[in-house]
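Q:
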Amino acid sequence: MDIIDAHTHIVSHDIDRYPIDPGVDEEQAWHRDHSVDADELLAQAAAAGVRGVAFVQAISCHGYDNRYVVDSARRHPGRTIAIGAVRPDHPDARASLRRDVIEGGMNGVRLFSVGGATAPLDHPDMRAITAEAAELGVPVVLLAVASQLLSVRPLVDAFPSVPFVLDHCGFADLGGVESFPGAGDLFALADLANLSCKVSSITLQATAHPRALWAALVSRFGSDRLMWGSDFPHTNQPDYAGLVDLAKRTTEGLDPGARADVLGATARRLWPAVG
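Right, dumping it as structure tokens:
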């Protein structure tokens, strides 16, 4: 079974060429304590049996300068893709997205809400940059927290041709019993056919019932709209192979087709270049 890691972060050791810019998360220390560059990450992925990876822009160290993920993906074709980040309310947002996609080959864009971590996602600037992504034909990856989940629907509904991916399952409340009573706002999005969910290590570690979570998500979204991502090394856990093992162990209860989807096939359908 081919495994695709749909969510990794890389940090360049060449800070003259790719400067460190704390972006919006300057208090985070993971990129100082546990950083890996592209070659180091790919070596660990290969050793863990992972066929391909998505390099997701780490705004907490390289800000919104997507050059390192773009350049790294171009150096490793057939194994990697680049998911950049754009600040929607920046005056140059649409132009920079076009440049990174058309000239750099960027495969998707990750968006953060305008106005802070709790602001609604359906902001005019979010719509404008999503319209640009639609024109360019690239998926949009949304980083939302639980309080923002209700505002996911208007944005996704407005662009039915755009594939959206919800990072970390929207940080939904996955505590409590196996029925996940706090995750109603997440489950309510399951009817949005153009929305997929990324189940990361953070997601799996947020519940005492990770196997039941996979089953609950598959029953609602379908396995063809679910994908796994390690979030390595942002997890602050240096054991990449352990995160891969977590994904493999917690999906053992799924039927073979569904398991193949969430561990790789869904990501490959969305981004064929990944491996």
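Quick note on the UniProt record's numbering: the sequence shown kicks off at 1 and runs consecutively.
From the three backbone atoms N, C-alpha and C, an ideal C-beta is built for every residue, glycine too.
Would a C-beta distance cut-off of 8 Å place V145 and D167 closer than the cut-off?
A: By 1-based counting over the sequence shown, the position of residue 145 is 145. By 1-based counting over the sequence shown, the position of residue 167 is 167. No, the Cβ-Cβ distance between V145 and D167 is not below 8 Å.
Q: Whose C-beta lies closer than 8 Å to the C-beta of V70 among residues of the same chain, with five residues either side of it excluded?
A: Along the sequence shown, read from residue 1 onward, the residue named residue 70 stands at position 70. Closer than 8 Å at the Cβ level, and outside the excluded window around V70, lie A82, G84, D100, G104, G105, M106.
Q: Who are the Cβ neighbours of H209 in its own chain at under 6 Å, not counting the five residues just before and after it?
A: Here the question's residue 209 lines up with position 209 in the sequence shown. Same-chain partners within the cutoff: E178.
Q: Have a look at A260 and M1 and give me their C-alpha separation to the nearest angstrom.
A: The residue labelled residue 260 in the question sits at position 260 within the sequence shown. The residue labelled residue 1 in the question sits at position 1 within the sequence shown. So the two alpha carbons sit approximately 7 Å from each other.
Q: Given a threshold of 16 other Cβ atoms within 10 Å of its Cβ, counted over all protein chains shown, does I59 qualify as buried or as exposed?
A: As a working mapping, residue 59 is identified with position 59 in the sequence shown. Its Cβ being crowded by 16 or more others within 10 Å, I59 is buried.
Q: Looking at the unbroken alpha helix (DSSP H) that takes in W214, where does it start and where does it end?
A: Working through the sequence shown from its first residue, we reach residue 214 at position 214. Element bounds for W214: 210 to 221.
Q: Would you list, in sequence order, the uninterrupted alpha helix (DSSP H) runs of no fewer than 4 residues that lie entirely inside the region 144 to 170?
A: If we require 4 residues or more, the alpha helix (DSSP H) runs fully inside the region 144 to 170 come out as 152 to 158.
Q: At which residue ranges does the region 83 to 116 contain complete beta strand (DSSP E) runs of 3 or more residues, listed in the order of the chain?
A: Segments of the beta strand (DSSP E) lying fully in the region 83 to 116: 108 to 112.
Q: Please check the pair G229 and K248, which I expect to be a contact at CB under 8 Å, by giving their CB distance rounded to whole angstroms.
A: Within the sequence shown, numbered from 1, the residue matching residue 229 stands at position 229. Within the sequence shown, numbered from 1, the residue matching residue 248 stands at position 248. That pair is no contact at about 14 Å.
Q: Alpha helix (DSSP H) containing S201: first to last residue?
A: The count along the sequence shown starts at 1 and reaches residue 201 at position 201. Unbroken alpha helix (DSSP H) run through S201: 201 to 205.
Q: Tell me, please, which residues DSSP counts as bridged to A54.
A: Against the sequence shown, residue 54 aligns to sequence position 54. I81.
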